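Asks: Quick one: this structure, given as structure tokens, is what I'll be asking you about.
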Amino acid sequence: MTFDFADRVGAIGVPTLVIAAAEDRVDAADVLKAEVLGRIEGAQWVVNAGSGHLVPLEAPVAVAGHLSDSTVQLFPSIGFLIADRRLLVPGSTSTSSSSGVSPMCRPRTIGYRDW
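Using UniProt numbering, you'd call the opening residue of the sequence shown number 1 and step up by one each time.
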């Protein structure tokens with residue numbers, strides 16, 4: 001069973017970041033770039049080094065970084081809302097707590113009024 005969505009991607013009308021994987025054996029980066037990127041107006045492109053087809057599972061921190069960078073490029077005025085990625089990496093030397101996990105990563109309960 002194959003899934004071909006190439007003929008429908010042109011209908012995407014929102015800011016889009018296409019993340020390819022350098023080691024992807026299913027959808028090679030050059031094929032993805034040729035078949036998808038040119039069909040989405042204004043899409044951004046990044047190739048994640050060292051990961052295969054399942055980039056979000058294999059490199060979640062890198063994907064978060066790509067998304068943060070893309071968001072700041074699209075909406076520069078909200079750049080201050082994007083957390084420093086180093087805070088999200090347990091054991092990081094930047095402002096991490098003594099437990100080695102950033103306070104931002106610890107689960108907490110918030111009420112609806114906190115939003």
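Built from N, CA and C at the ideal position, the CB exists for glycine as well. Please read all numbers here as calculations on a predicted model, not as lab measurements.
Count the other CB atoms within 10 Å of the CB of A11; is the residue buried (16 or more) or exposed (fewer)?
Replies: That one is exposed.
Asks: At the level of alpha carbons, what is the spacing between V72 and L37?
Replies: About 20 Å.
Asks: When DSSP labels each residue in this structure, what does V14 get in the three-state scheme?
Replies: V14 falls in the coil class under three-state DSSP.
Asks: Have a look at E23 and A29 and give me their C-alpha separation to the nearest angstrom.
Replies: Rounded to whole angstroms, E23 to A29 spans 8 Å at the Cα level.
Asks: How should L54 be labelled, buried or exposed, when 16 other C-beta atoms within 10 angstroms of its C-beta is the threshold for buried?
Replies: Exposed, because fewer than 16 other Cβ atoms sit within 10 Å of the Cβ of L54.
Asks: Looking at the structure shown, is A6 part of a helix, part of a strand, or coil, going by DSSP?
Replies: Coil at A6, not helix or strand.
Asks: Helix, strand or coil: which one does DSSP assign to S34?
Replies: The amino acid occupying residue 34 in the given sequence is Ala; Ser does not appear at that position. Of the three classes helix, strand and coil, the one that applies to A34 here is helix, per DSSP.
Asks: Take Y112 and list the residues in its own chain whose beta-carbon comes closer than 8 Å to its own, dropping the five residues that flank it on each side.
Replies: Its pLDDT being 46, under 50, Y112 is placed unreliably by the model, and the measurement read from it follows with that caveat. Closer than 8 Å at Cβ, skipping near neighbours: no residue.
Asks: Which residues does DSSP list as the beta-bridge partners of Q44?
Replies: L17, per the DSSP bridge assignment.
Asks: Of the residues V63, S70, V18, which one's Cα is nearest the Cα of A34?
Replies: It is V18 whose Cα lies nearest to the Cα of A34.
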